[in-house]
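Notes for the one structure printed next.
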Amino acid sequence: MSKLLTSGKYFHILVPLISVVLGLMVGAIIMLAAGYNPILAYQSIVESVFLQPYYTGETIRAMIPLVLAGLSVAFAFRTGLFNIGVEGQLLAGWFVSVATAIFFGHLPKVVLLPLSILAGGIAGGVWGIIPGFLKARFKVHEVISTIMMNYIALYTTNYLIKHYLYTQGERTPNIPDNASLASPMLANLTQGSRLHWGFIVAIIAGLLMWFILWKTTRGYELRAVGFSPGASRYAGINVERNIVLSMAFSGMFAGLAGTMEGLGTYQYMMINASFIGIGFNGIAVALLGLNTVVGVFLSGALFSALQTGGLTMQSDAGVPVDLINIVIALIIFFVGSSYVIKWVLNRLAKRGEKN
Amino acid sequence: MSYAIEMRNIRKEFPGIVANDDVTLQVKEGEIHALFGENGAGKSTLMNVLFGLYQPDAGEIYVKGQKVNISDPNDANRLGIGMVHQHFMLIDNFTVAENIILGSEPTRGMALDMDKAVKIVRDLSDRYGLDVDPLKKVEDITIGMQQRVEILKILYRGSNILIFDEPTAVLTPIEIKELIEIMKRLVKEGKSIILITHKLKEIFEACDRCTVIRLGKVIGTVDISDTNPSKLADMMVGRKVNIPVNDSPYAPKEKVLEIKDLTVLDSRKVPAVRKLDLEVHGGEILGIAGVDGNGQTELIEAIAGLRKVHEGQILLNGEDITRLKTRKIIEAGLGYIPEDRHKHGLVLDFTVGENMVLQTYYKKPFAHAGVLQNKVISKKAKQLIKEFDVRTPGEKTLARSLSGGNQQKVVIAREVDRSPKLLIAAQPTRGLDIGAIEFIHNKLLEEKKKGKAVLLVSFELDEILHLSDRIAVIYEGRIIDIVNPKETNENQLGLLMAGRKEAGRQA
Amino acid sequence: MSLLSILDIIIPSMLLTAAPLIFTALGGVFSERSGVVNIGLEGLMAVGAFTAAISTYYLENMGAGAAAPWLSLLIAAVAGCLFSLIHAVVSISFRADQTVSGVALNFLATGVTVFLVKLLFQGAGQTPYIEHRIDKVDIPGLDQIPVIGPMLFSHVAYTSFIAIAMGFLVWYILFKTPFGLRLRSVGEHPAAADTLGINVTKMRYIGVMLSGAFGGTGGAIYLVTIAGNYNATTISGQGFLALAAMVFGKWNPVGALGAGLFFGFAQSLSITSQQIPILDRLPDVYLLIAPYVLTLLVLAGFVGRAEAPKADGVPYIKGQR
Chain A
3 MSKLLTSGKY FHILVPLISV VLGLMVGAII MLAAGYNPIL AYQSIVESVF LQPYYTGETI
63 RAMIPLVLAG LSVAFAFRTG LFNIGVEGQL LAGWFVSVAT AIFFGHLPKV VLLPLSILAG
123 GIAGGVWGII PGFLKARFKV HEVISTIMMN YIALYTTNYL IKHYLYTQGE RTPNIPDNAS
183 LASPMLANLT QGSRLHWGFI VAIIAGLLMW FILWKTTRGY ELRAVGFSPG ASRYAGINVE
243 RNIVLSMAFS GMFAGLAGTM EGLGTYQYMM INASFIGIGF NGIAVALLGL NTVVGVFLSG
303 ALFSALQTGG LTMQSDAGVP VDLINIVIAL IIFFVGSSYV IKWVLNRLAK RGEKN
Chain R
623 MSYAIEMRNI RKEFPGIVAN DDVTLQVKEG EIHALFGENG AGKSTLMNVL FGLYQPDAGE
683 IYVKGQKVNI SDPNDANRLG IGMVHQHFML IDNFTVAENI ILGSEPTRGM ALDMDKAVKI
743 VRDLSDRYGL DVDPLKKVED ITIGMQQRVE ILKILYRGSN ILIFDEPTAV LTPIEIKELI
803 EIMKRLVKEG KSIILITHKL KEIFEACDRC TVIRLGKVIG TVDISDTNPS KLADMMVGRK
863 VNIPVNDSPY APKEKVLEIK DLTVLDSRKV PAVRKLDLEV HGGEILGIAG VDGNGQTELI
923 EAIAGLRKVH EGQILLNGED ITRLKTRKII EAGLGYIPED RHKHGLVLDF TVGENMVLQT
983 YYKKPFAHAG VLQNKVISKK AKQLIKEFDV RTPGEKTLAR SLSGGNQQKV VIAREVDRSP
1043 KLLIAAQPTR GLDIGAIEFI HNKLLEEKKK GKAVLLVSFE LDEILHLSDR IAVIYEGRII
1103 DIVNPKETNE NQLGLLMAGR KEAGRQA
Chain C
644 MSLLSILDII IPSMLLTAAP LIFTALGGVF SERSGVVNIG LEGLMAVGAF TAAISTYYLE
704 NMGAGAAAPW LSLLIAAVAG CLFSLIHAVV SISFRADQTV SGVALNFLAT GVTVFLVKLL
764 FQGAGQTPYI EHRIDKVDIP GLDQIPVIGP MLFSHVAYTS FIAIAMGFLV WYILFKTPFG
824 LRLRSVGEHP AAADTLGINV TKMRYIGVML SGAFGGTGGA IYLVTIAGNY NATTISGQGF
884 LALAAMVFGK WNPVGALGAG LFFGFAQSLS ITSQQIPILD RLPDVYLLIA PYVLTLLVLA
944 GFVGRAEAPK ADGVPYIKGQ R
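Residue numbers (the numbering used here), protein chains in the order written: chain A, 3 to 357; chain R, 623 to 1129; chain C, 644 to 964.
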């Protein structure tokens, strides 16, 4: 058994699993300390997500942008880049998709919907290309530049909405139905949740990422550059171009995440006082998912279930929903500390062998 | 009698290997004691144990007859043990004085007393004739000077036992002479010195006694006056080595590489290669001899398209490749075994198979219309693993988990298999054991026999002398002479490498 | 409206907005100079602001009066310091990616503070407003100096002057004391420092904990001078702005001080520009994004290149060269 655990693939998967368990356990301890009932709290999350169609629908709905944000971070990670700029790329995509939908509202749905999605993806991609270019050309570290790009996106989209697309309620007008991903059928099926067709976009994006990274020469280059820019350069791979390209893809996924919110969940874009948090959550999703496509979907499901179910937890068990943020933060800490978890597991395994 | 340092029966294991096995080293006071052995013999491990960076699994250390426990460099410093590291431990954007006082700074109240620091450094420098400027930033001084800063760091801490770890690898022959004089002066002042080296010449010029270690074990300790170079070499290697020799006839064919008037700038925009001319023919191995930092790296990088050519022209098989991108140059027939295989030769986190197609992954049959053909890649990898005797569990193993020699075999398999017209080998055997060196030398000689042009760059004169058909000596970015290995010797090459062409001619 | 009277509006406002940024940016300098990237500054500010809000509130209830916010600054510094220990343990001892740890720190800060607010105040989303702020005052005597008196010394908070003084003090510590030399050495070349007997881990812990203390104080100053109470959005972006100030100031304390003042200037201008002729026609978005755009330009080398400490973000593993 211990051999199975410490060898190869299974060992790899063990770290995120242990992190989740530890995160939930510490969350439970915090609840106990604060005088809440953790069993009731977790139970309410599980029950609502699995047994109440509305919450199931909302969980899947929340998963869509989260998974796309996770794919975005994971894609960049594979090329050795840390894209903290998902928030900004997401806002860029959100705004441009909504603006496209409104400006070209007269077009038929077969044209307008793909066009709006595409526009959102491209906008996110462009927002990602900028820090990619700065890195490739001027060696600007992408962590700082993408943070800067986030705020530029936040204030710029707010300004554009306020001055060009403003309607009552601090937001843009609704997009026309021709550009909407919303589905009365899916809503009915889930007792009125906001579940929309965007999940298909997320699945396509996941397949696309998998195919690009693992099946194409382009993906080979991206991964080679991620692991070793030096060896890639010596082998004649254009490192700079791949950095820009990686940020373009990453930004595109992020832009699509925003597009899903604009064309699916909300049908408009609001003026945001601060970030909506999906981008930062995407970092958690990618890390927990070990930057693999399947992993991102699984961890995306976990986090959206926690966040959606957290609302029930607040009403049923009285635990403030913010506990979920604490749990997510803890999980990131634990995954990030994989070195220690592996070390402990190795020690345990060795002891097991000796006995 | 008590020794300045005595290490008794030291054992140190790392996962998979025993780096030191029952090693005993006795250093007398006031002597220069060589620690002699091949790469990977366990010299550095032993010294890191002495310096407190590693903890021994067994064994004892005595300083002046007192048993001591050295658990970190602090302990070592306190006991008067100091080390000049092979890779300098200097902070580039600190001044010389700041680097020296770091960790035990003179103060006035709460503040650093830099005036005092500068004075102390200047006094020390004068006393030992080191001639360093305390106020210069480390990044602005030469390598040789940087080494003196390292020495001053130790002297400042009042160390009596000085460890020099391969100190001459980065120095010019003149700087080496100066260093040996400095070491002799230090010993006169009552210091004891341990010199880690794998160069026989230094031992006979500088040392009093020598301890030879091989594969982690001590072979013996001898007085230098009682021995000779070939005896020591036999002790180091342990068996008669079949050093492959370039004995196939020298029959140069067409020009493969032609470099005309080449000027290349280094990263500080200073010319590193100056108006250099060079030709390499098919069927020959051209060795470039020179001290590190004389433009070798920039020259190779320019040929490979990794560094911009400032002026001049490079032709490969008659085709002008001066302004081409690396990929085009590779396609035009360049093979390249880079100096740093970890950083530049391999993607360590790729599998062996993926590494085997690092320059060909996008070509048929490895890819069709941008889609990788993983089965074909696997098959190719398996074939090369067999052909080049790469010891690996399989082609799906990560390159990282292979030994250094086997990693280098992967690089060579990949480069040779592409059948390039020009093969550049930069320090191809650095850090490898004798077995791997033999293998690699044989492969280079085979390439010559196949009629390829081989450009060999090495800081090891032995390697250059054994393998080359012609030796080009590079000094300050120029080829100052081309000599026939059969008509030259280390002495002459040393003078040429120091830029003394006339003296070199006469030697 | 004369230029002077415009400056009389803008400069006091700039000094007020700049103080939290300066403190937090100085915290960032400590951490990154020691080799630990700290994008958790935002979270540290949140913890500081939260701590200041509740400690001022409780101290006021205990009758501390006008001393309450001042004491709270100290308490917030301690809280920030303790909170930053998480970042230190995870990124230094557990060798986690420092950026990852910083992101998680921000999450944790928002989660924990809002959770506690709800716990302490019966489910309310925000703390009660504090009664005693650190108010803007006219500094007796100095405010009478012609021209600069009204500009610099009237209608200002003492915290702004403390922040400015702190910029120079931190510079002195970093560049003129043995401690500073050692701190910088582990951020540039930890292996070299290690061979000279400097405890790399310890120095980095100190760097991170100082960033916690300074970041916490920065958040607290924001609370007791500007916000007045704490909720989930009290700290939204100031920490990242401070990070930008640190970069814009090229990892130098005095640079960070200047950048903090400059960014404070841009921010206050975006608020006060409506009252100022000509500027009222400039869309505020330009002023809002200016700090970030400028920081990008500095990073790209258009406005003098900014270089991070060499070992910034690189975990130190003994024996690995």
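Here a beta-carbon is modelled for each residue, glycine too, at the ideal position from N, C-alpha and C.
Just so you know, these numbers come straight off a predicted model, no measurement behind them.
Across which residues does DSSP place residue i in a beta bridge pair?
i: R633 of chain R; result: R:A680
i: G957 of chain R; result: R:L1045
i: Y1097 of chain R; result: R:R1100
i: G704 of chain R; result: R:L784
i: A1075 of chain R; result: R:E906 and R:L1044
i: N874 of chain C; result: C:Q769
i: V649 of chain R; result: R:I627
State buried or exposed for residue i, treating a residue as buried only when at least 16 other CB atoms are found within 10 Å of its CB.
i: Y12 of chain A; result: exposed
i: S803 of chain C; result: buried
i: I791 of chain C; result: exposed
i: F428 of chain A; result: No answer is possible for residue 428 of chain A: the residues shown for chain A start at 3 and end at 357.
i: A870 of chain C; result: buried
i: I31 of chain A; result: exposed
i: F97 of chain A; result: buried
i: A1021 of chain R; result: buried
i: A749 of chain R; result: The sequence shown places Arg at residue 749 of chain R, rather than the Ala named in the question. By the 10 Å Cβ count, R749 of chain R comes out exposed.
i: A275 of chain A; result: exposed
i: T169 of chain A; result: exposed
Can you tell me whether DSSP reads residue i as helix, strand or coil?
i: G1168 of chain R; result: This structure does not reach residue 1168 of chain R, given that chain R is present from 623 up to 1129, and the question cannot be answered.
i: C832 of chain R; result: strand
i: N642 of chain R; result: strand
i: A800 of chain C; result: coil
i: L191 of chain A; result: helix
i: A184 of chain A; result: strand
i: S276 of chain A; result: coil
i: Q269 of chain A; result: coil
i: T764 of chain R; result: coil
i: P1107 of chain R; result: helix
i: S814 of chain R; result: strand
i: K1058 of chain R; result: Note on residue identity: the sequence assigns Ala, not Lys, to residue 1058 of chain R. Three-state DSSP puts A1058 of chain R in a helix.
Just to make sure I have the definition right: I need the residues of chain A whose C-beta is within less than 8 Å of the C-beta of residue i. Which are they?
i: T877 of chain C; result: Within chain A, no residue comes near T877 of chain C; the closest Cβ sits about 10 Å away, beyond 8 Å.
i: L886 of chain C; result: I146 and I149
In its own chain, which residues sit with a C-beta less than 6 Å from the C-beta of residue i, not counting the 5 before and 5 after it?
i: V979 of chain R; result: F988 and I999
i: L900 of chain C; result: I665 and G810
Going along chain C, which residues have a C-beta under 8 Å from residue i?
i: I47 of chain A; result: Within chain C, no residue comes near I47 of chain A; the closest Cβ sits about 16 Å away, beyond 8 Å.
i: Y341 of chain A; result: F737, R738 and A739
Under the criterion of a Cβ to heavy atom distance below 7 Å, does residue i qualify as lining the ligand MG?
i: Q54 of chain A; result: Looking at this structure, you won't find the ligand MG or any other ligand, since it has none at all.
Going along chain A in order, which residues have a C-beta closer than 9 Å to the C-beta of residue i?
i: G723 of chain C; result: Those within 9 Å of G723 of chain C in chain A number zero; the least Cβ separation is about 17 Å.
Excluding sequence positions up to five away, which residues of its chain have a Cβ less than 7 Å from the Cβ of residue i?
i: T310 of chain A; result: V51, Y57, E60, T61 and A64
i: K1065 of chain R; result: I1034 and V1038
i: D848 of chain C; result: At residue 848 of chain C the sequence reads Tyr, which differs from the Asp that was named. Taken in chain order, the residues that qualify are A731 and I735.
Cβ closer than 7 Å: which chain C residues qualify as neighbours of residue i?
i: I330 of chain A; result: F750
Output, in chain order, the set of chain R residues within a Cβ distance shorter than 9 Å of residue i.
i: E831 of chain C; result: I713, D714, N715 and F716
Taking residue i as the query, report the chain A residues whose CB atoms sit under 7 Å from its CB, ordered along the chain.
i: K686 of chain R; result: Those do not exist, as K686 of chain R stays about 39 Å from chain A at its closest Cβ, beyond 7 Å.
i: G992 of chain R; result: T218, T219 and R220
Between residue i and the rest of its own chain, which residues show a CB-CB distance below 8 Å, the 5 nearest in sequence each way excluded?
i: M669 of chain R; result: L657, M705, I785, D787, I816 and I818
Could you list which residues in chain C have their beta carbon closer than 9 Å to that of residue i, in chain order?
i: F84 of chain A; result: D740, T742 and V743
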